[in-house]
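These protein sequences, in sequence, are chains W and Z.
Numbering-wise, the numbering used here comes out as the position in the first sequence, counting from 1, plus 53.
Numbering-wise, the numbering used here comes out as the position in the second sequence, counting from 1, plus 3.
Take a look at the structure below.
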Amino acid sequence: MTATDEELVARSVAGDSDSFNQLILRWERPIYALAYRQIGREDDARDVVQEAFLRAFRALPGFKGQAKFSSWLYRITLNLCRDWMRRERRAPFVQPPEGVDVDDLVSSEPSRAESVETMVTRKDLSRRVASAMLVLPDEQRSAILLKEYHGLTFQEIAELQGCPLSTVKTRLYQGLSVLRRELERRGQGPVRPEGSGQP
Amino acid sequence: MNETRLCGNPDLLMSYLYDEVDPRARRDFEAHLRTCEPCAREVADLRAVRGDLAAWTPPEAVLDFRIVRGAAPRARFAWLAVPELPAWAQFAAAALVAGIAVGISGLDVNYHPQTGLSVRAGWSKPASSVPGPVAAVKAAPVQAAAVQAAAMPGAEAPWKADLAALREQLRTELQPTAAASTAAPASGQTRLAASLVPMSDAEFMSRVRPLLTASETRLQREMALRIGQVVRDMDTQRRADMARVADGIGVLEGRTGAAVATQREMMNYLMRVSQVQK
Numbered sequence: 054m055t056a057t058d059e060e061l062v063a064r065s066v067a068g069d070s071d072s073f074n075q076l077i078l079r080w081e082r083p084i085y086a087l088a089y090r091q092i093g094r095e096d097d098a099r100d101v102v103q104e105a106f107l108r109a110f111r112a113l114p115g116f117k118g119q120a121k122f123s124s125w126l127y128r129i130t131l132n133l134c135r136d137w138m139r140r141e142r143r144a145p146f147v148q149p150p151e152g153v154d155v156d157d158l159v160s161s162e163p164s165r166a167e168s169v170e171t172m173v174t175r176k177d178l179s180r181r182v183a184s185a186m187l188v189l190p191d192e193q194r195s196a197i198l199l200k201e202y203h204g205l206t207f208q209e210i211a212e213l214q215g216c217p218l219s220t221v222k223t224r225l226y227q228g229l230s231v232l233r234r235e236l237e238r239r240g241q242g243p244v245r246p247e248g249s250g251q252p
Numbered sequence: 004m005n006e007t008r009l010c011g012n013p014d015l016l017m018s019y020l021y022d023e024v025d026p027r028a029r030r031d032f033e034a035h036l037r038t039c040e041p042c043a044r045e046v047a048d049l050r051a052v053r054g055d056l057a058a059w060t061p062p063e064a065v066l067d068f069r070i071v072r073g074a075a076p077r078a079r080f081a082w083l084a085v086p087e088l089p090a091w092a093q094f095a096a097a098a099l100v101a102g103i104a105v106g107i108s109g110l111d112v113n114y115h116p117q118t119g120l121s122v123r124a125g126w127s128k129p130a131s132s133v134p135g136p137v138a139a140v141k142a143a144p145v146q147a148a149a150v151q152a153a154a155m156p157g158a159e160a161p162w163k164a165d166l167a168a169l170r171e172q173l174r175t176e177l178q179p180t181a182a183a184s185t186a187a188p189a190s191g192q193t194r195l196a197a198s199l200v201p202m203s204d205a206e207f208m209s210r211v212r213p214l215l216t217a218s219e220t221r222l223q224r225e226m227a228l229r230i231g232q233v234v235r236d237m238d239t240q241r242r243a244d245m246a247r248v249a250d251g252i253g254v255l256e257g258r259t260g261a262a263v264a265t266q267r268e269m270m271n272y273l274m275r276v277s278q279v280q281k
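Here it is in structure tokens:
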């Protein structure tokens with residue numbers, strides 16, 4: 054039976070570093086995805102992930118379980134990303150969306166079932182989305198990332214961002230609205246699914 | 004719920020969009036969407052944006068972070084790293100060093116009827132081969148100190164135990180003679196020297212030499228065994244490292260092949276696209 058995060062945290066606090074390594078194994082991908090989407094650089098995202106787990110390990114005795122371990126980890130990661138952006142004094146880095154970088158396409162490992170056409174389209178859309186996300190304020194971008202890619206509830210995001218629930222929804226609404234306009238401006242108008250608008 | 008609260012309500016719109024709304028509010032809002040075209044369009048647009056967001060995937064990354072307590076930095080060439088020696092090996096190494104020290108120092112054990120037992124290191128030998136009275140060790144308790152001085156500090160050479168046993172045996176054998184001589188007024192040096200008279204040089208050396216020879220042989224055998232084991236360990240580690248390197252090269256070759264295939268497919272695609280555009 055797989056141990057829960059809470060059980061692994063308790064064992065880690067008791068000095069079992071293997072349990073903490075299980076937590077790392079469980080959460081390193083989501084944390085890396087969050088860090089990468091926040092700062093847009095693979096190497097720096099890896100550094101942020103490493104630092105996040107190191108800080109979590111050191112602060113583990115002070116973690117009393119008021120929040121979920123994952124939420125606590127997300128908060129550490131977002132703080133590190135914000136520190137990184139302040140330290141670097143620059144906006145998140147994203148490849149220019151124009152054109153298709155063949156080298157990058159080759160270096161990635163697409164799934165076997167994905168055709169080249171699909172891969173090109175997905176890559177292009179991915180770049181446009183990444184580029185459009187840059188225009189969002191940090192709070193809106195974080196709210197969208199936590200909701201869209203990590204499935205946090207409004208309440209969890211509110212606790213993580215330290216703001217009221219309604220503020221989270223407003224940030225999400227404003228962020229998605231800006232993204233819609235940005236994608237249209239960049240030539241990627243939202244493709245409405247069939248029957249959309251009708252529940 | 005009135006129409007004013009349903010229209011232009013981001014709170015409700017987000018709750019509905021992310022399915023965090025209670026069933027009754029959902030029903031009300033869905034009924035509203037059927038009659039309000041702007042709200043229905045906004046919901047559709049926001050859903051489309053969410054669909055686009057799904058396309059944004061981070062690149063694959065090799066993470067593999069681990070917390071390691073008190074980890075020593077890994078040697079660049081692991082097979083060259085000598086593993087930590089067990090206690091018995093450390094003892095054998097210390098004994099070897101002691102033996103080498105004894106050999107280098109040219110340890111010389113002599114007994115003379117006039118001067119008593121003397122243990123000398125090669126570098127402390129006088130020009131004359133006859134041991135002088137000052138360097139001679141006169142009493143059994145002092146013999147041990149002299150022998151220790153010839154060896155490395157703290158080294159427990161195997162022959163020490165044998166020498167100590169011999170010393171005890173000699174002390175037992177000479178005990179009556181020593182007791183008798185105590186009655187006669189004499190200096191300590193004369194008395195102790197006299198107590199050793201019953202044993203001749205040849206007899207003493209015949210007892211000591213086999214012990215030293217046996218100890219030396221034992222040391223050589225242990226050292227040979229240890230060296231053989233270290234060589235085997237190094238060879239095993241080297242083979243394991245070579246296997247890992249071979250595996251890594253195989254993975255790289257596989258990835259390179261896949262990359263070439265993808266690039267070829269990409270070029271074909273670009274060719275097709277360019278032909279269509281012409």
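C-beta atoms are modelled at their ideal positions from N, C-alpha and C, and glycine is treated no differently.
Review point. How many angstroms separate the CA atom of E219 of chain Z from the CA atom of R210 of chain Z?
Key: Taking the first residue of the second sequence as position 1, residue 219 of chain Z is located at position 216. Taking the first residue of the second sequence as position 1, residue 210 of chain Z is located at position 207. The alpha-carbon atoms of E219 of chain Z and R210 of chain Z are separated by roughly 15 Å.
Practice item. Decide if the region 29-39 of chain Z is in contact with the region 211-222 of chain W; the criterion is three or more beta carbon pairs, one per stretch, under 8 Å apart. Key: no
Review point. By how many angstroms is the C-alpha of R239 of chain W removed from the C-alpha of P61 of chain Z?
Key: Translated into positions along the second sequence, residue 61 of chain Z becomes position 58. Translated into positions along the first sequence, residue 239 of chain W becomes position 186. Near 21 Å, if we compare the C-alpha coordinates of R239 of chain W and P61 of chain Z.
Exercise for review: Inspect the CB distances between the region 122-130 of chain W and the region 81-88 of chain W and report whether three or more fall short of 8 Å.
Suggested key: yes
Practice item. Between the Cα of R111 of chain W and those of Z:P41, Z:I70, Z:S277, spot the shortest distance and give me the residue it belongs to. Key: Locating residue 111 of chain W in the first sequence gives position 58, counting from the first residue. Closest option to R111 of chain W, Cα to Cα, is Z:I70.
Review point. Name the chain Z residues that come within less than 8 Å of R233 of chain W, Cβ to Cβ?
Key: For this step, residue 233 of chain W is matched to residue 180 along the first sequence. In chain order: D48, L49, A51, V52.
Review point. Under a CB-based cut-off of 8 Å, is A97 of chain Z close to chain W?
Key: Within the second sequence, numbered from 1, the residue matching residue 97 of chain Z stands at position 94. It does not: the Cβ of A97 of chain Z has no partner Cβ on chain W nearer than 8 Å.
Exercise for review: Under 8 Å between beta-carbons, which chain W residues line up against F68 of chain Z? List them in chain order, please.
Suggested key: For the purposes of this step, residue 68 of chain Z is taken as residue 65 along the second sequence, with counting starting at 1. The answer, in chain order, is I77, E81, V102, Q103, F106.
Review point. Can you give the Cα-Cα distance for Q266 of chain Z and D250 of chain Z, rounded to whole angstroms?
Key: Taking the second sequence and counting its residues from 1, the one referred to as residue 266 of chain Z is at position 263. Taking the second sequence and counting its residues from 1, the one referred to as residue 250 of chain Z is at position 247. Q266 of chain Z and D250 of chain Z: Cα-Cα distance of roughly 24 Å.
Review point. How would you call L228 of chain Z, buried or exposed, if buried means at least 16 neighbouring beta carbons within 10 angstroms?
Key: The residue you call residue 228 of chain Z lines up with position 225 of the second sequence. Under this definition L228 of chain Z is an exposed residue.
Check your understanding: Of all the alpha helix (DSSP H) runs that stay within the bounds of the region 242-269 of chain Z, which reach a length of 4 or more residues?
Key -> none
Check your understanding: Just curious, the alpha helix (DSSP H) that Q91 of chain W is in, first and last residue?
Key -> Numbered from its first residue, the first sequence carries residue 91 of chain W at position 38. Start and end: 70-92.
Exercise for review: Find out if the Cβ-Cβ distance for the pair V52 of chain Z, L76 of chain W is shorter than 8 Å.
Suggested key: Stepping through the second sequence from its first residue, residue 52 of chain Z is reached at position 49. Stepping through the first sequence from its first residue, residue 76 of chain W is reached at position 23. Their beta carbons are not under 8 Å apart, which means V52 of chain Z does not touch L76 of chain W by this criterion.
Review point. Is the region 187-194 of chain W touching the region 224-236 of chain W, taking contact as three or more C-beta pairs under 8 Å?
Key: yes
Check your understanding: So what does DSSP say about W59 of chain Z, is it helix, strand or coil?
Key -> Position 56 of the second sequence holds residue 59 of chain Z. Coil at W59 of chain Z, not helix or strand.
Review point. So, does the CB of P13 of chain Z fall closer than 8 Å to a CB anywhere in chain C?
Key: Structure shown: chain C not included; protein chains present are W and Z.
Exercise for review: Verify whether the separation of the beta carbon atoms of V62 of chain W and F106 of chain W is less than 8 Å.
Suggested key: Counting from one through the first sequence, the residue named residue 62 of chain W turns up at place 9. Counting from one through the first sequence, the residue named residue 106 of chain W turns up at place 53. Cβ atoms of V62 of chain W and F106 of chain W: not closer than 8 Å.
Point to revise | Residue from Z:D165, Z:R275, Z:T239 whose Cα sits closest to the Cα of R221 of chain Z | key: In the second sequence, the residue the question calls residue 221 of chain Z occupies position 218. The shortest Cα separation from R221 of chain Z among Z:D165, Z:R275, Z:T239 belongs to Z:D165.
Practice item. Express the C-alpha separation of T259 of chain Z and V248 of chain Z in angstroms, rounding to a whole number. Key: Here residue 248 of chain Z refers to the residue found at position 245 of the second sequence. Here residue 259 of chain Z refers to the residue found at position 256 of the second sequence. Going from the Cα of V248 of chain Z to the Cα of T259 of chain Z covers about 16 Å.
Point to revise | Same chain, Cβ closer than 7 Å to V102 of chain W, neighbours up to 5 away in sequence not counted | key: Stepping through the first sequence from its first residue, residue 102 of chain W is reached at position 49. E81, I84, Y85, A88, listed in sequence order.
Review point. For F116 of chain W, which three-state DSSP category applies?
Key: Here the question's residue 116 of chain W lines up with position 63 in the first sequence. In this structure, F116 of chain W counts as coil in the three-state DSSP scheme.
Review point. Can you tell me the Cα-Cα spacing of D97 of chain W and I103 of chain Z, whole angstroms?
Key: Residue mapping note: residue 97 of chain W aligns to position 44 of the first sequence, counting from 1. Residue mapping note: residue 103 of chain Z aligns to position 100 of the second sequence, counting from 1. Rounded to the nearest angstrom, the two C-alpha atoms are 56 Å apart.
Exercise for review: Would you mind working out which of W:P114, W:A185, W:R79, W:G93 sits nearest S65 of chain W, comparing C-alpha positions?
Suggested key: Position 12 of the first sequence, counted from the first residue, corresponds to residue 65 of chain W. When each option's Cα is compared against that of S65 of chain W, the closest is W:P114.
Review point. Are I197 of chain W and C134 of chain W touching if we call contact CB-CB under 8 Å?
Key: The residue labelled residue 197 of chain W in the question sits at position 144 within the first sequence. The residue labelled residue 134 of chain W in the question sits at position 81 within the first sequence. No. Outside cutoff.
Review point. By a C-beta neighbour count over all protein chains shown, 10 Å radius and 16 as the cutoff for buried, is L182 of chain W buried or exposed?
Key: Taking the first sequence and counting its residues from 1, one reaches residue 182 of chain W at position 129. For clarity, residue 182 of chain W is Val in the given sequence; the question names Leu instead. Result: buried.
Review point. Are the beta-carbon atoms of L16 of chain Z and E201 of chain W separated by less than 8 Å?
Key: For this step, residue 16 of chain Z is matched to residue 13 along the second sequence. For this step, residue 201 of chain W is matched to residue 148 along the first sequence. It is not a contact, given that the beta carbons lie outside the stated cut-off.
Check your understanding: In or out: D22 of chain Z buried (at least 16 other Cβ within 10 Å) or exposed?
Key -> Within the second sequence, residue 22 of chain Z is the residue found at index 19, counting from 1. It counts as exposed.
Check your understanding: For chain W, is any of its Cβ atoms less than 8 Å away from the one on S218 of chain Z?
Key -> As a position in the second sequence, residue 218 of chain Z is number 215, starting the count at 1. Closer than 8 Å: no.
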